[in-house]
Amino acid sequence: MSGRAGRFSEGLYNSLNEAVLDVQLQINKKISSSNYAIYGHSMGALITYELIKQSQTLSPKHVFISGLAAPRFNHISQDIHLLPDSLFIDEVKKLNGTPPEIFENNELMALFLPVLRSDFKIISEYSETSTEKKIKQNLNIFYGSDEGMKAESILAWREYTEGTIDSYEISGDHFFVNTNYSKICDLIKGAIFPYLY
Numbered sequence: 001m002s003g004r005a006g007r008f009s010e011g012l013y014n015s016l017n018e019a020v021l022d023v024q025l026q027i028n029k030k031i032s033s034s035n036y037a038i039y040g041h042s043m044g045a046l047i048t049y050e051l052i053k054q055s056q057t058l059s060p061k062h063v064f065i066s067g068l069a070a071p072r073f074n075h076i077s078q079d080i081h082l083l084p085d086s087l088f089i090d091e092v093k094k095l096n097g098t099p100p101e102i103f104e105n106n107e108l109m110a111l112f113l114p115v116l117r118s119d120f121k122i123i124s125e126y127s128e129t130s131t132e133k134k135i136k137q138n139l140n141i142f143y144g145s146d147e148g149m150k151a152e153s154i155l156a157w158r159e160y161t162e163g164t165i166d167s168y169e170i171s172g173d174h175f176f177v178n179t180n181y182s183k184i185c186d187l188i189k190g191a192i193f194p195y196l197y
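Take 1 as the starting number for the sequence shown in UniProt numbering and just add one per residue.
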């Protein structure tokens, strides 16, 4: 994604839709087969959902949504990305997804703060597009046991797809993916196995 890793020098997104369009462009460059699945975590899961719903060409066999309640339950304070650095950093720390070394290094923080603020901004300003059009894929939903998500916010994904949903509670907070990598990989392999043969 723009502003990260090998694309760190590229501009940050101004809206979720910009991210959706960019991710679709990157996928189109890489995928020529129709036999694939898409996994998205947190903001990436929101991008995944909007990407598939809006696209006329992308049609993955299966979709994995991780760390995200159904869109109508996702509400982030409009003010978080506008907070002074110290208060904003406190909010980011609560998510427990950023290595402590980054907070302890002023140079790294200067690099990452704009990226983190951009993420909070585009999520807080996200406005769900029409729910009349559902995606068609089966969904596997992963969420952390300590995220505080209510069961209804997970089950509500049924409103967004014509396919089936299977949900899995994974031990951990919002970044449970970092400590349960093998388990999640096994669940993904189990879900996509029927499409491989």
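Every residue, glycine too, gets a C-beta built ideally from N, C-alpha and C.
With H, G and I counted as helix, E and B as strand and the rest as coil, what does DSSP make of residue i?
i              : result
isoleucine 65  : strand
leucine 58     : coil
glutamate 18   : helix
tyrosine 143   : strand
alanine 70     : coil
isoleucine 31  : coil
histidine 41   : strand
asparagine 106 : helix
threonine 179  : coil
lysine 189     : helix
Just the C-alpha distance for residue i and residue j, rounded to the nearest angstrom, thanks.
i                 : j              : result
glutamate 91      : serine 33      : 41 Å
tyrosine 195      : glutamate 152  : 29 Å
threonine 179     : leucine 113    : 24 Å
asparagine 105    : threonine 164  : 45 Å
phenylalanine 193 : glutamate 107  : 44 Å
phenylalanine 120 : leucine 82     : 9 Å
lysine 136        : isoleucine 52  : 9 Å
tyrosine 126      : arginine 158   : 20 Å
valine 115        : isoleucine 38  : 23 Å
glutamate 128     : aspartate 186  : 31 Å
leucine 87        : methionine 43  : 21 Å
isoleucine 27     : histidine 41   : 17 Å
alanine 4         : glutamate 101  : Going by the sequence as given, residue 4 is arginine instead of alanine. If you take the alpha carbons of arginine 4 and glutamate 101, they lie about 18 Å apart.
aspartate 85      : alanine 110    : 10 Å
glutamate 10      : alanine 19     : 12 Å
isoleucine 31     : valine 63      : 15 Å
leucine 155       : glycine 6      : 36 Å
histidine 174     : isoleucine 188 : 18 Å
How close, in whole Å, do the beta carbons of residue i and residue j come, if the pair is a contact with beta carbons under 8 Å?
i                 : j             : result
leucine 16        : leucine 46    : 7 Å
tyrosine 160      : lysine 183    : At roughly 25 Å, the Cβ-Cβ gap does not stay under 8 Å, so tyrosine 160 and lysine 183 are not in contact.
phenylalanine 103 : isoleucine 89 : 7 Å
lysine 61         : asparagine 96 : Wrong, their Cβ atoms sit about 32 Å apart, outside the cutoff.
glutamine 24      : serine 55     : 6 Å
tyrosine 13       : serine 118    : 6 Å
Per the DSSP calculation, residue i is bridged to which residue(s)?
i              : result
isoleucine 165 : Leu139
isoleucine 170 : Gly144
What do you reckon, is the C-beta of residue i under 7 Å from a heavy atom of the ligand FMN?
i              : result
isoleucine 188 : For the structure depicted, the ligand FMN is absent and the ligand set is empty, with no information on it obtainable.
Are the C-beta atoms of residue i and some chain B residue less than 8 Å apart?
i         : result
serine 66 : Absent here is chain B; the protein component of the structure consists of one chain.
Does the segment 63-75 come within contact of the segment 135-149, defined as at least 3 CB pairs closer than 8 Å? The segment 63-75, when compared against the segment 135-149, does touch it at the 8 Å Cβ threshold.
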